[in-house]
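In our numbering, the protein residues as written are 279 to 667. Backbone N, C-alpha and C define an ideal beta-carbon position, used for all residues, glycine too.
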């Protein structure tokens, strides 16, 4: 019995004349995700992608799990390949679906007949196969509204395919179809979720992390790498730049009013990030800020932060509360890493009474004592790069 992976496109079906371009990127991303699991062939037809193992060493379960993390996929499933005759469909369905139907109470059959030369129409396929399955599994009942198992038969040009319940895909758009952006990544809960959200909208990610040794430990950087590995399982390879930030934070602490420490630090981060992002042809910056969550995330504070850059700043979490963000972090398996007690540079030199309603003029005055251009130049030139898979 031959088993394959069936993949259904998501939003791509709405892309009109650009659809083939989006599908080409999706196929490339799928291949990147599953290539290490063995040999296979891949073909596509009618908004469906077919992955067929070509040897017994293909790691089917791992490939199936990897497909579930590829953005641009609405649904996916394992399926049995049959001859295009009703008897072969029935015989294979009884064997292939035995485990799933033995543990179910209700089911229904759906049929999709794209090959119009097949002698039975879709309702007739459903009736014929449904009756045979009821005879084979007499404990089952038909429920067309909310069944435990939906058995689907697809009759296509070359073969027929049988599958049980379709799994939900990651959704969104294929990574790379929306361009490239740089995520400011800390070791907290929010920024990895923001990275995941924007990769889901088709952005290729570059990551920028600010390190402040000895105030931050090597474990804090390792934590960031572990978080990016979780995101990269969805987004594909991420280029990480680690920026030396100790000198800048010490200068801010020595020369700027305390209530402006965090704001000036954020402005410096944004300036440096824009420089690094431009070098990689990124079109935007991404942050994990949520409106009002902390003092530096009030509307006036965000306006002050954005004032120093010309790139768009994307904030996918801006309207979420913490619980909504935590739910996503658990879903993508970053939460337990984020709560490890290794603090990042954002916790260094935190003011006791931070400014919550700053103006741009106040911030410009507060940072006048800094040699901004020289500090940025040293930080950019000292940035160390690596790749996260």
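Between the Cα of residue i and those of the options, spot the shortest distance and give me the residue it belongs to.
i: residue 625; options: 465, 459, 584, 649; result: 465
i: residue 411; options: 580, 579, 371; result: 371
i: residue 632; options: 582, 620, 538, 657; result: 538
i: residue 621; options: 564, 518, 487, 517; result: 487
i: residue 504; options: 665, 302, 476, 329; result: 665
i: residue 530; options: 367, 337, 644, 652; result: 644
i: residue 534; options: 354, 628, 469, 586; result: 628
i: residue 376; options: 414, 573, 583; result: 414
i: residue 324; options: 614, 585, 476, 393; result: 393
i: residue 378; options: 352, 426, 421; result: 426
i: residue 491; options: 358, 658, 623; result: 623
i: residue 559; options: 367, 448, 458; result: 458
Using only the alpha-carbon positions, how far apart do residue i and residue j sit?
i: residue 451; j: residue 479; result: 5 Å
i: residue 390; j: residue 437; result: 12 Å
i: residue 532; j: residue 495; result: 22 Å
i: residue 419; j: residue 619; result: 52 Å
i: residue 647; j: residue 542; result: 12 Å
i: residue 301; j: residue 510; result: 20 Å
i: residue 553; j: residue 637; result: 24 Å
i: residue 556; j: residue 456; result: 16 Å
i: residue 284; j: residue 373; result: 19 Å
i: residue 590; j: residue 563; result: 6 Å
i: residue 513; j: residue 476; result: 9 Å
i: residue 445; j: residue 359; result: 18 Å
i: residue 329; j: residue 572; result: 47 Å
i: residue 602; j: residue 321; result: 38 Å
Which first and last residues belong to the alpha helix (DSSP H) in which residue i is found?
i: residue 487; result: No alpha helix (DSSP H) contains residue 487, which is instead part of the beta strand (DSSP E) from 482-489.
i: residue 358; result: Here residue 358 belongs to no alpha helix (DSSP H); instead the beta strand (DSSP E) covers 351-360.
i: residue 536; result: First-last for residue 536: undefined, no H or E at that position.
i: residue 415; result: Premise fails: residue 415 is in no alpha helix (DSSP H) and is neither H nor E.
i: residue 374; result: 364-374
i: residue 310; result: 297-312
i: residue 496; result: 496-513
i: residue 656; result: 650-659
Who are the near neighbours of residue i in its chain, counting only those whose CB is closer than 6 Å to its CB and skipping five residues on each side?
i: residue 515; result: 665, 667
i: residue 606; result: 471
i: residue 383; result: 426
i: residue 635; result: 578
State the start and end residues of the unbroken beta strand (DSSP E) segment that holds residue i.
i: residue 331; result: 326-331
i: residue 396; result: First-last for residue 396: undefined, no H or E at that position.
Using a Cβ-Cβ cut-off of 7 Å (strictly less than) and excluding sequence neighbours within five positions of residue i, which residues of its own chain qualify?
i: residue 526; result: 546, 653, 657
i: residue 497; result: 620
i: residue 326; result: 284, 285, 286
Closer than 8 Å by C-beta to residue i: which residues in its own chain qualify, once you throw out the five before and the five after it? Chain order, please.
i: residue 368; result: 406, 407, 410
i: residue 575; result: 567, 568, 569
**Request:** Pick out the complete beta strand (DSSP E) segments inside the region 551-610, 3 residues or longer, and give them in chain order.
**Result:** 562-564
**Request:** List in chain order: all unbroken beta strand (DSSP E) runs of 3+ residues lying wholly within the region 410-461.
**Result:** 427-433, 438-441, 445-449
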